[in-house]
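Taken in order, the sequence shown gives residues 3 to 243; the numbers are from this note's numbering. Note that CB positions come from ideal geometry on N, CA and C, so glycine has one too.
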Amino acid sequence: MKKGANLIYLLFTAAALIFIILWQLFFKAGTSFYLVCVIVIVLSLLPFFISYENSKPSAREVSLVAVLSALAVASRAVFYFVPQFKPIGAVVIVSAVCLGPQRGYIIGSLSAFVSNFIFGQGVWTPFQMVALGLVGFAAGVIFKKVKPNRWLLAAIGFVLAFALYGVVVDASSVLTMLTDYTLSGVLAIYAAGVPFSAVFGGATALFLFVFGEAFIKKINRIIVKYGILEESQNEQSIAQN
3 MKKGANLIYL LFTAAALIFI ILWQLFFKAG TSFYLVCVIV IVLSLLPFFI SYENSKPSAR
63 EVSLVAVLSA LAVASRAVFY FVPQFKPIGA VVIVSAVCLG PQRGYIIGSL SAFVSNFIFG
123 QGVWTPFQMV ALGLVGFAAG VIFKKVKPNR WLLAAIGFVL AFALYGVVVD ASSVLTMLTD
183 YTLSGVLAIY AAGVPFSAVF GGATALFLFV FGEAFIKKIN RIIVKYGILE ESQNEQSIAQ
243 N
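And the structure:
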């Protein structure tokens with residue numbers, strides 16, 4: 003039943019994307035690539051949240067996800083007056099290391115959305131949600147196979163925050179600032195964003211190097227003590243039966 007529901011959601015999302023793109027290209031006088039992109043991003047968020055809801059997470063797991071999301075928001079708010087130097091990426095990555103890629107994506111996208119109530123919502127919000135969600139998802143996938151240490155956490159954290167997050171978020175600037183999409187214009191905007199992405203990547207690497215391992219131990223201790231992931235797996239098995 004769960005696989006069937008996920009397939010339906012996937013087909014619905016794909017059909018909606020195709021309809022929106024065709025409408026913009028063939029039935030509208032002017033094509034709004036930004037509108038298409040935003041709708042694509044919003045629809046791409048839905049399968050993760052729907053899949054997580056269908057996994058029947060336990061109350062303790064939901065509480066832990068909420069606490070880590072709130073911690074990520076608070077970590078960004080504390081450094082309000084320091085542009086781009088934020089620990090939020092480090093918190094998301096550590097959460098993904100402990101809880102896996104799916105929950106890492108949820109925590110990343112939620113923390114980006116909620117923290118923007120402090121920093122300001124705007125056309126960039128969906129891009130930040132997907133970008134930070136993908137950072138969490140990628141970290142969860144990578145560290146599912148690799149044992150984390152401070153050097154590896156810092157190195158991968160920098161790459162994810164600088165390259166993955168930077169590329170996705172800067173795409174919003176490309177879509178909103180350019181009227182004539184040329185390679186030189188796109189490269190100029192991405193080049194202008196490099197210093198900001200580098201600061202964010204450096205901050206992520208620094209916080210992971212200093213606090214990453216200790217933070218992971220704390221979260222894993224909570225998970226083991228309260229059997230959080232085991233409880234969710236048991237509830238999922240009961241629901242399937």
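Determine the DSSP secondary structure at residue i, reduced to helix, strand or coil.
i	result
Asn151	coil
Gly204	helix
Phe129	helix
Asp182	coil
Phe87	coil
Gly124	coil
Lys58	coil
Tyr82	coil
Gly102	coil
Gly229	coil
Glu237	With a pLDDT of 48 at Glu237, under the threshold of 50, the predicted position of this residue should be treated as unreliable, though the coordinate-derived value follows. DSSP places Glu237 in helix when its eight states are reduced to three.
Could you round the C-beta distance between residue i and residue j to whole angstroms and report it? I think they count as a contact, below 8 Å.
i	j	result
Phe150	Ile218	The sequence given here has Pro at residue 150, not Phe. Rounded, the Cβ-Cβ distance is 6 Å, consistent with contact.
Gly295	Gly195	Only positions 3 to 243 of the chain appear in this structure, which leaves residue 295 out of reach.
Val132	Ser174	The Cβ separation is near 10 Å, so there is no contact.
Ile109	Val67	6 Å
Lys88	Ala17	Not quite, the Cβ-Cβ distance comes to about 37 Å (not below 8 Å), so this is no contact.
Gly102	Val94	Wrong, their Cβ atoms sit about 13 Å apart, outside the cutoff.
Ala246	Phe164	No information on residue 246 is available, as it lies outside the stretch 3 to 243 that the chain covers here.
Val176	Ile191	5 Å
Ala61	Leu210	Not a contact, Cβ separation roughly 29 Å.
Leu231	Glu55	Leu231 to Glu55, Cβ: 17 Å. No contact.
Is there a C-beta anywhere in chain C that falls below 9 Å from the one on residue i?
i	result
Phe115	Although the question refers to chain C, the structure presented lacks it and comprises just one protein chain.
Evaluate contact between the segment 87-104 and the segment 128-143, counting only Cβ atoms and requiring at least three cross-stretch pairs below 8 Å.
yes
Counting Cβ pairs, one atom from each stretch, are 3 or more of them under 8 Å apart for the segment 181-188 and the segment 157-168?
They do not touch, by the three-pair rule.
Does the structure place the segment 73-90 close enough to the segment 111-121 that three or more beta carbon pairs sit under 8 Å?
yes
For the 8 Å Cβ check, are there 3 or more pairs between the segment 79-86 and the segment 49-57?
no
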